[in-house]
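As structure tokens, the structure follows; a few thoughts come after it.
Numbering (the numbering used here), first residue to last: 49 to 157.
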């Protein structure tokens with residue numbers, strides 16, 4: 049399970065970097081970063097990472113797309129999020145089922 053979480057964190061990192069990049073290259077004054085322009089780069093990355101995780105889960109976030117480019121990126125990430133989250137649930141279910149089967153086999157032997 050730890051491996052799965054690391055894989056999701058790595059994917060989230062790259063998506064967060066993309067969200068951060070789009071927010072700053074397509075008009076920071078109009079984009080999602082506008083309310084946070086006075087904050088540090090580290091805080092911007094943390095916001096972008098939080099936004100990314102929120103796209104993969106039903107978690108709320110107050111960061112929203114404000115430009116066409118951000119909306120397009122957001123839509124693509126939502127599709128990716130559906131696939132990643134579904135895959136993660138399936139892999140965790142398979143892992144738990146395998147562990148339960150192994151435990152049952154040990155008890156029967």
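Ideal Cβ placement from N, Cα and C applies to all residues, glycine included.
Since the structure is predicted, the reported quantities are computational estimates derived from the model, not experimental observations.
Alpha-carbon to alpha-carbon, residue j and residue i
i	j	result
residue 162	residue 56	What the structure shows of the chain is the stretch from 49 to 157, and residue 162 is not part of that stretch, so it cannot be assessed.
residue 95	residue 127	20 angstroms
residue 64	residue 148	36 angstroms
residue 83	residue 115	14 angstroms
residue 109	residue 51	26 angstroms
residue 91	residue 145	40 angstroms
residue 168	residue 59	Given a span of 49 to 157 for the chain in the structure shown, any question on residue 168 remains unanswerable.
residue 119	residue 151	47 angstroms
Top-ranked residue by Cα proximity to residue i, from the options
i	options	result
residue 133	143, 102 and 79	102
residue 62	87, 88, 98 and 79	98
residue 117	69, 53, 60 and 54	69
residue 129	86, 107 and 73	107
residue 53	93, 104 and 73	104
Residue interval of the alpha helix (DSSP H) (run including residue i)
i	result
residue 112	Unbroken run through residue 112: none, as it is neither H nor E.
residue 84	First-last for residue 84: undefined, no H or E at that position.
residue 61	50-73
7 angstroms Cβ cutoff met for residue i and residue j
i	j	result
residue 71	residue 81	yes
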